[in-house]
Structure formats: C-alpha cells, structure tokens
Amino acid sequence: MTQTTQQTVLAKQLKTQKLINYAFGVSILALGSYVALGNSQNTTNVATFEEISVQRINIIETNGLNRMVLANSDKAPAVEQYGKEVFRSNGARPGMIFYNDEGTENGGLIFRGKKENEKVSHGLHMSFDRYNQDQTMMMQHIEQEDFMITGLTIMDRPSRDMDFELSNAFTKAQAEGDNGKMAELETLIIAENKGAARRAFYGTLNGSSQLRLNDAQGNKRIQLLVSKEGDAKLEFLDEEGNVIMRLPDTSQAKKQ
5 MTQTTQQTVL
15 AKQLKTQKLI
25 NYAFGVSILA
35 LGSYVALGNS
45 QNTTNVATFE
55 EISVQRINII
65 ETNGLNRMVL
75 ANSDKAPAVE
85 QYGKEVFRSN
95 GARPGMIFYN
105 DEGTENGGLI
115 FRGKKENEKV
125 SHGLHMSFDR
135 YNQDQTMMMQ
145 HIEQEDFMIT
155 GLTIMDRPSR
165 DMDFELSNAF
175 TKAQAEGDNG
185 KMAELETLII
195 AENKGAARRA
205 FYGTLNGSSQ
215 LRLNDAQGNK
225 RIQLLVSKEG
235 DAKLEFLDEE
245 GNVIMRLPDT
255 SQAKKQ
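Count along the sequence shown from 1, add 4, and you get the number used in the working numbering.
Structure, rendered in structure tokens:
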C-alpha cells in the first residue's frame, strides 16, 4: 500500500471515528435531557419515617405562608396576620395552630397540664375564629384547684378586624401588673364595642350540667341546669339577671 493510500484510509478512519463520537455525544445529551425532563415533571420528594422527634413542624403553602404549625411550648408561634407577627401572649401555646388562605391565624388546639404542690393546673382548648378576629367557637376542658369546666362555648365577635395594638397594650399592662391601665383598656374595649359577647354554653361547671343562652350583650337569659346533687331547673331571666320564670316553680310549691 502506498503512502498516499495509507493516508486516505487513515483519513476515512478518523472521519468515521468523529461520526461515532458525535453520535455518542448526541445520545448522551438526549439521555441527560430525558432524565432532567423527567425530574422536572416529578419533583415530589417523599420520605417515610418510622419515628420522628421535632420541636416544631411548619406545614406551608407553595407561596410560603403557614397553613398549620405544630409546636412545643418554646417554639409555639405568635399570632400572625397576613403572614406577619402581630401579637404574642404572655403564656406559651403548645399544640397546633391553623391559618387561613392569607396566612392569618384562624383557630387551633392548645393543650397543657401539670400537678405542682398537689395543685392541678390542666387544660385543653380547641377553637375556631371569625375572619380576622378571635375565637367564636370553643371546645375546652379546664381544671384548676377548685374549678372545673368542660363544654362548648359560642361567642359573638365584631365584624371589624381585631385591634392587635389594643391587645398588645393590654398584654403589656397585664405583664406589668398595672391594674389601672388594664381597667382603662377594658373600658375602651367595651366603649368601642371591640369586645366579645358570650352567646351560649353547653357543658358541665363544677359538677353541674348546664345549657345557657345569652342575649347579644352577653346577658344570661335562659338557663337549664341539673346540679351535682340531682336538682333540675329551667330559668328565664331579664337583661338585669333577675329570674322572671322558673320551672319547677319553687315559690308555688312552698305556698302549697
């Protein structure tokens, strides 16, 4: 084979090798694109745990706003409105907090309890809030040294947004033990109709079972009660709290 022929064959071999390399490169690129495309279409990461120990879990929406927070006492969240902290109470709130579509707190489940110096301080409280307001329905069990209540409470709340500046001022006065300031703020809350009215309660209170219905100002108007001794009565009251009718009518029974 002449030198010219050898050069021609070598050139053909190099050309063929380049084509092979090019085809291989295209194949690798296509495979990489396919894998990347597959990953981009399926970005869900799923992990399975037999057990997990944490101090706080934030369940969030795709926009980053909280939908639900589970936390211990130290990591419990403050009250949030539109995703921003607006109020922090003096006491811890271990449990579960719910949020609406706008990142504003709208309910939760709080629970705690202990026995110290032979005195019980125990409570569970689940509540649901009016929009941009405080709780309107509460299911709770509270147990103290000489007090125990278990039941469902319904409350009215104003249509206006909750005044967190007023709430923060009251909490500060409470923490400082400023009774005068607290009384002043309570008067302001009532005067501006920013408070709540308790409308109904069904449950037990210190051993008696009760159904209470109140008017729009929170005054008790109807009470159905069975005492812990077993005495039953139905009472109708005026807005001043005076009994205007009672069943059974004990006054008539005494006359007989």
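Every residue, glycine too, gets a C-beta built ideally from N, C-alpha and C. Owing to the predicted nature of the structure, the values given are computational and were not obtained by experimental measurement.
Taking C-alpha atoms, which residue in Gly107, Ala173 and Asn218 lies nearest to Lys185?
Counting from one through the sequence shown, the residue named residue 185 turns up at place 181. Ranking Gly107, Ala173 and Asn218 by Cα distance to Lys185 puts Ala173 first.
Asp165: which of Ile153, Phe151, Met142 and Glu196 sits nearest, CA to CA?
Counting from 1 along the sequence shown, the entry for residue 165 is found at position 161. Taking only the C-alpha atoms, the option nearest Asp165 is Glu196.
Please determine, among Gln227, Pro252, Asp235 and Glu180, the residue with the shortest C-alpha to C-alpha distance to Leu241.
Along the sequence shown, read from residue 1 onward, the residue named residue 241 stands at position 237. In terms of CA proximity to Leu241, Gln227 leads the group Gln227, Pro252, Asp235 and Glu180.
If the criterion is Cβ atoms closer than 7 Å, does the pair Arg97 and Ile114 meet it?
On the sequence shown, residue 97 is found 93 positions in, with the first residue counted as 1. On the sequence shown, residue 114 is found 110 positions in, with the first residue counted as 1. Yes, they are a contact pair.
Based on the DSSP secondary-structure assignment, which residues constitute the bridge partners of Asn70?
As a position in the sequence shown, residue 70 is number 66, starting the count at 1. Beta-bridge pairing links Asn70 to Ile64.
Please report the Cβ distance between Gly127 and Ile101, rounded to the nearest whole angstrom; I am assuming they are in contact, meaning their Cβ atoms lie under 8 Å.
Indexing the sequence shown from 1 puts residue 127 at position 123. Indexing the sequence shown from 1 puts residue 101 at position 97. So it is not a contact: roughly 16 Å between Cβ atoms.
Here's the rule: buried if 16 or more other CB atoms are within 10 angstroms of the residue's CB, otherwise exposed. What is Val73?
In the sequence shown, the residue the question calls residue 73 occupies position 69. Buried, by the Cβ-count rule.
Quick check on Asn218: buried or exposed, where buried means 16 or more other Cβ atoms within 10 Å of its Cβ?
On the sequence shown, position 214 is the one that residue 218 refers to. When all chains shown are included, Asn218 counts as buried.
Tell me which residues share the same chain as Ser212 and place their Cβ nearer than 7 Å to its Cβ, disregarding the 5 neighbours each side in the sequence.
Taking the first residue of the sequence shown as position 1, residue 212 is located at position 208. Counting only Cβ-Cβ distances below 7 Å, and skipping sequence neighbours, we find Leu229, Val230, Ser231 and Lys232.
What would DSSP say about Gln178, mapped onto helix, strand or coil?
By 1-based counting over the sequence shown, the position of residue 178 is 174. Three-state result, Gln178: helix.
Using the Cα positions of Gln290 and Ala51, report the straight-line distance between them to the nearest angstrom.
A question about residue 290 goes unanswered here, because the residues of the chain that appear run from 5 up to 260.
Determine the direct distance from the alpha carbon of Ser77 to that of Asp235, and round the result to whole angstroms.
As a first step, residue 235 must be located in the sequence shown, where it is residue number 231. As a first step, residue 77 must be located in the sequence shown, where it is residue number 73. The straight-line gap from Cα to Cα measures roughly 42 Å.
Flag this pair as yes or no: are the beta carbons of Asn223 and Glu243 separated by less than 7 Å?
Here the question's residue 223 lines up with position 219 in the sequence shown. Here the question's residue 243 lines up with position 239 in the sequence shown. Cβ atoms of Asn223 and Glu243: closer than 7 Å.
Would you call Met249 buried or exposed, if buried means 16 or more other Cβ atoms sit within 10 Å of its Cβ?
Within the sequence shown, numbered from 1, the residue matching residue 249 stands at position 245. Met249 is exposed by the Cβ-count criterion.
Could you give the DSSP three-state label for Arg250: helix, strand or coil?
Numbered from its first residue, the sequence shown carries residue 250 at position 246. The answer is strand: DSSP assigns Arg250 an E or B state.
Can you list, in chain order, the residues of its chain with a C-beta nearer than 7 Å to that of Glu65? Leave out the 5 residues immediately preceding and following it.
Counted from its first residue, the sequence shown places residue 65 at position 61. Counting only Cβ-Cβ distances below 7 Å, and skipping sequence neighbours, we find Arg71.
Need the endpoints of the beta strand (DSSP E) that Met166 sits in, please.
Here residue 166 is taken as the residue at index 162 of the sequence shown, counted from 1. No beta strand (DSSP E) holds Met166; DSSP gives it neither H nor E.
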